[in-house]
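In full-length UniProt numbering, the protein residues as written are 1 to 178.
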């Protein structure tokens, strides 16, 4: 019976490790209106007019594009929707203070953006600059991760060590009770 418990423990532990280490959110833009409705409810957002609502919706969709892009490149951060996701470029400028477009330079990540993402981001160069500069005020980092290859190697090592420990414990329990 204790051998079964050990195997069950090891299986559950591996399942927990496997589900939490490599998942990064990716949002389907077809669901943007539903996501925006959830966002508005979660952060209690109300807008002065339909034009204001539309401007914030466009900013939200741009944030989804940025989140998808930043989560697609191999880095150790995960980006997700936060309470800044509906900020318009003007609101971002006010939030950041005296920083203006001239303070930002587009980096090598600019070349990696796909054409759809570029067309919507380059409507405003400040937004494009924020993507390239990875401003933490703009996108919320929810977790940090290792690149997938290193994470898989680490998981394999941990599972191997845990398996050895569990079977050593189980074997000693079986031997001592027999």
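Backbone N, C-alpha and C fix where the C-beta goes; we use that ideal spot for every residue, glycine too.
All values reported here derive from a predicted model rather than from experimental measurement.
Backbone secondary structure at residue 34 - three-state DSSP: helix
Chain-order list of residues whose beta-carbon lies under 6 Å from that of residue 88 (same chain, five-residue window excluded): Taken in chain order, the residues that qualify are 55 and 59.
Beta strand (DSSP E) runs wholly inside the stretch 30-98, at least 3 long, in chain order: Whole beta strand (DSSP E) segments, 3+ residues: 77-80.
heavy atom of the ligand MG below 8 Å from residue 77 C-beta: With respect to the ligand MG, the structure shown offers nothing to examine, as it has no ligands at all.
Three or more C-beta pairs below 8 Å linking the stretch 41-56 and the stretch 69-77: no
Close-in-space but distant-in-sequence residues of the same chain around residue 70 (CB under 6 Å, 5 per side omitted): 79
Contact set for residue 83: own chain, Cβ-Cβ below 6 Å, skip 5 residues either direction: 43
Local Cβ density within 10 Å of residue 168, reported as buried at 16 or more and exposed below that: exposed
Proximity of residue 47 and residue 81 at Cβ, strictly below 9 Å: no
Through-space distance from residue 66 to residue 104, alpha-carbon basis: Only weak support exists for where residue 104 lies, its pLDDT of 47 falling under 50; the coordinates are left without a value.
Residue 37 classed as buried or exposed, judged by whether at least 16 other C-beta atoms fall within 10 angstroms: exposed
Exposure label - residue 160; buried when at least 16 CB within 10 Å: exposed
Counted within 10 angstroms of its Cβ, other Cβ atoms place residue 33 as buried (16 or more) or exposed: exposed
When 30, 64, 57 and 41 are compared against residue 24, the one with the closest alpha-carbon: The shortest Cα separation from residue 24 among 30, 64, 57 and 41 belongs to 64.
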